[in-house]
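All letters in the sequence shown, in the order written, are residues 1 to 113 by the UniProt record's numbering.
All C-beta atoms in this analysis are idealised placements derived from N, C-alpha and C, irrespective of residue type, glycine included.
Worksheet: one structure, shown below.
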Amino acid sequence: MNQFAEEQWQPVAELYDIAQGGITTFEIAGQTLLFSRQGKQVHCFANLCTHLDRPLDMGNVRNGIIVCPFHGYEFDLETGDCLNAFSKPLKSYPVRVVDGLVQVCVVTEKVES
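The structure is reproduced here in structure tokens:
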């Protein structure tokens, strides 16, 4: 089974520090990452619209969708898919919650176990 090495997981915040139904950004490993939470499920994406690499964190969020404030591209905050234009999905990162602490893996090399 493939999994990420324990040292690849970076602590981010307590689960409830991430906005329910909205977005919260954190600087992790030199990158600004965008986190979205629905209940106990958290998703993480690069804070960049895939259209022109502009930051998304100032965009409007409604019903699990964030709208790029520069060009109106809409992205699903669960899948990262662009919903209204032909554009790549947002770059996503693996997330886990351990004892109420959100952790993200920004190094995506898997190790064999």
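Give the straight-line distance between the Cα atoms of Asn-63 and Glu-78, rounded to the nearest whole angstrom.
For Asn-63 and Glu-78, the distance between alpha carbons rounds to 11 Å.
Short check: CB of His-43 to CB of Ser-87, under 8 Å?
Their beta carbons are not under 8 Å apart, which means His-43 does not touch Ser-87 by this criterion.
From the DSSP output, which residues share a beta bridge with Pro-11?
The secondary-structure analysis by DSSP pairs Pro-11 across a beta bridge with Gln-103.
Complete runs of the alpha helix (DSSP H) confined to the UniProt domain "Rieske" (9-104) [at least 4 residues]:
If we require 4 residues or more, the UniProt domain "Rieske" (9-104) turns out to have no alpha helix (DSSP H) run fully inside it.
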